[in-house]
Amino acid sequence: MKIDVLTLFPSMFDGFINESIIKRAKDKGIVDINIINFRDYSLDKNKRVDDYPYGGGAGMVLMCEPIFRAIEDIRTSDSIVIMLTPSGKLFKESIAYDLSKYKHIILLCGHYEGFDERIKSIVDMELSIGDYVLTGGEVPSMVVMDAVIRLVDGVISKESLVSESFNDDNVDYPVYTKPREFRGMKVPEVLLSGNHKEIDAWREEQRISLTNSREDS
Ligand code: ADE
Numbered sequence: 052m053k054i055d056v057l058t059l060f061p062s063m064f065d066g067f068i069n070e071s072i073i074k075r076a077k078d079k080g081i082v083d084i085n086i087i088n089f090r091d092y093s094l095d096k097n098k099r100v101d102d103y104p105y106g107g108g109a110g111m112v113l114m115c116e117p118i119f120r121a122i123e124d125i126r127t128s129d130s131i132v133i134m135l136t137p138s139g140k141l142f143k144e145s146i147a148y149d150l151s152k153y154k155h156i157i158l159l160c161g162h163y164e165g166f167d168e169r170i171k172s173i174v175d176m177e178l179s180i181g182d183y184v185l186t187g188g189e190v191p192s193m194v195v196m197d198a199v200i201r202l203v204d205g206v207i208s209k210e211s212l213v214s215e216s217f218n219d220d221n222v223d224y225p226v227y228t229k230p231r232e233f234r235g236m237k238v239p240e241v242l243l244s245g246n247h248k249e250i251d252a253w254r255e256e257q258r259i260s261l262t263n264s265r266e267d268s
């Protein structure tokens, strides 16, 4: 899988792409991540990418030209172009799963007051990571990349993915390790029983009750 990120702040991605599971996926050649500064696609002599909104109002608006030029340069017939915006469709595990099947994902990060509305005509999907406004699309694009990359074949073991949260809309079951008792808190007896049928049943019950209590809160 190839992921191209269009941003005005490339260095925000340094830690994200060079640590842990994402780094391993890159090193194994499973995912190729390119961070592209779309300012490089500006035709303006000062490399300007934003301007004042028509009709007045606060803040600056990202212009069409550099973003259209960047997307037209990198998109192929295998690409999906996604714009990160608080007004987009709510990002969920099921969307991450669908995206994990793509060969090429282009993530467009906004900043300032927003994008020129006409930019929507060149994107395939608008995604929001939640009902709050962040300073830009960089953190949301890292959230989307993280959730997608870990689902790509070969990145983490199939076994780890099987029982985890949101596979079937339920959250994951609780896990414990040594010691058996810590500051008066004991590991549930069933987990020490060695009876795998009972352990599986307990875990399933926990998944359902934790999901219900999460929905009630
Ligand atoms: N840009 C700013 N806030 C955002 C959000 N919540 N989701 C996606 N992109 C954003």
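Just so we're on the same page, the numbering used here is the position in the sequence shown counted from 1, plus 51. Here a beta-carbon is modelled for each residue, glycine too, at the ideal position from N, C-alpha and C.
{"Asked": "Would you say the beta carbon of Tyr163 is closer than 7 Å to some non-hydrogen atom of ligand 1?", "Found": "no"}
{"Asked": "Going by alpha carbons, who is nearest to Leu141 out of Gly181, Gly110 and Asp124?", "Found": "Gly181"}
{"Asked": "Measuring alpha carbon to alpha carbon, tell me which of Asp167, Ser172 and Lys229 ends up nearest Gly106.", "Found": "Asp167"}
{"Asked": "Using the rule of at least 16 other Cβ atoms within 10 Å of the residue's Cβ for burial, across every protein chain shown, is Met196 buried or exposed?", "Found": "buried"}
{"Asked": "Just to confirm, are Ile133 and Leu202 a CB contact at a threshold of 8 Å?", "Found": "no"}
{"Asked": "Using the C-alpha atoms, what's the distance from Ala147 back to Gly199?", "Found": "The question names Gly, but residue 199 in the sequence shown is Val. Those two C-alpha atoms are separated by around 5 Å."}
{"Asked": "Out of Val241, Phe64 and Cys160, point me to the one whose CA is closest to Gly188's CA.", "Found": "Cys160"}
{"Asked": "Please determine, among Ile68, Lys53, Asp65 and Asn218, the residue with the shortest C-alpha to C-alpha distance to Ser145.", "Found": "Asn218"}
{"Asked": "Find the nearest neighbour of Asn85 within the set Asp65, Gly139 and Leu150, judged by alpha-carbon distance.", "Found": "Asp65"}
{"Asked": "On a CA-only basis, which of Glu123, Asp55, Glu70 and Leu59 is nearest Val100? Give me that one, please.", "Found": "Leu59"}
{"Asked": "Please confirm whether Tyr163 and Gly110 have their CB atoms less than 8 Å apart.", "Found": "yes"}
{"Asked": "What residue range is occupied by the uninterrupted beta strand (DSSP E) comprising Lys53?", "Found": "Lys53 to Thr58"}
{"Asked": "Could you tell me if Pro230 is buried or exposed, where buried requires 16 or more neighbouring beta carbons within 10 angstroms of its beta carbon?", "Found": "exposed"}
{"Asked": "The alpha helix (DSSP H) with Pro191 in it runs from where to where?", "Found": "Glu189 to Ile200"}
{"Asked": "Report, in whole angstroms, the separation of the C-beta atoms of Tyr227 and Val238, which I expect to be a contact under 8 Å.", "Found": "4 Å"}
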